[in-house]
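Numbering (this note's numbering), first residue to last: 265 to 387.
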């Protein structure tokens with residue numbers, strides 16, 4: 265089973281030794297969210313991507329009637345790229361535990377990926 269496009273899964277984990285310094289130098293912003301915090305809400309404007317540094321989150325799709333479909337989980341080293349349509353997020357990303365992420369615009373991530381062969385292979 266291939267990972268949902270929202271998340272670049274286990275085989276697509278960040279190489280902390282090589283890429284973290286570049287990512288921080290390019291202006292990725294560290295953020296911490298408490299457990300059960302909605303990081304990206306389905307339907308909101310979203311031009312951000314996230315790299316999980318610690319903790320874990322859940323990616324889901326809100327269904328009619330208040331139900332939700334769990335699509336994937338984000339763990340340390342995962343890159344979360346919210347899918348969007350007309351700039352609006354198609355899924356919800358929620359912190360399941362306290363989670364630390366590096367946040368950047370997708371444009372900033374593209375610049376970082378061009379400077380790192382490993383990071384480029386993740387997109």
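For glycine and all other residues, C-beta sits at the position ideal for the given N, C-alpha and C. A quick note: this is a predicted structure, and the numbers were derived from the prediction, not measured.
- In the three-state reduction of the DSSP assignment, residue 293 falls in the strand class, which pools E and B.
- A straight-line Cα-Cα distance of about 26 Å links residue 332 and residue 295.
- Out of 369, 359, 307, 367, the CA that lies nearest to the CA of residue 327 is found in 307.
- DSSP places residue 333 within a strand segment (E or B) once states are collapsed to three.
- One thing to note: residue 353 has its Cβ no nearer than 8 Å to the Cβ of residue 313.
- Boundaries of the beta strand (DSSP E) around residue 368: 363-369.
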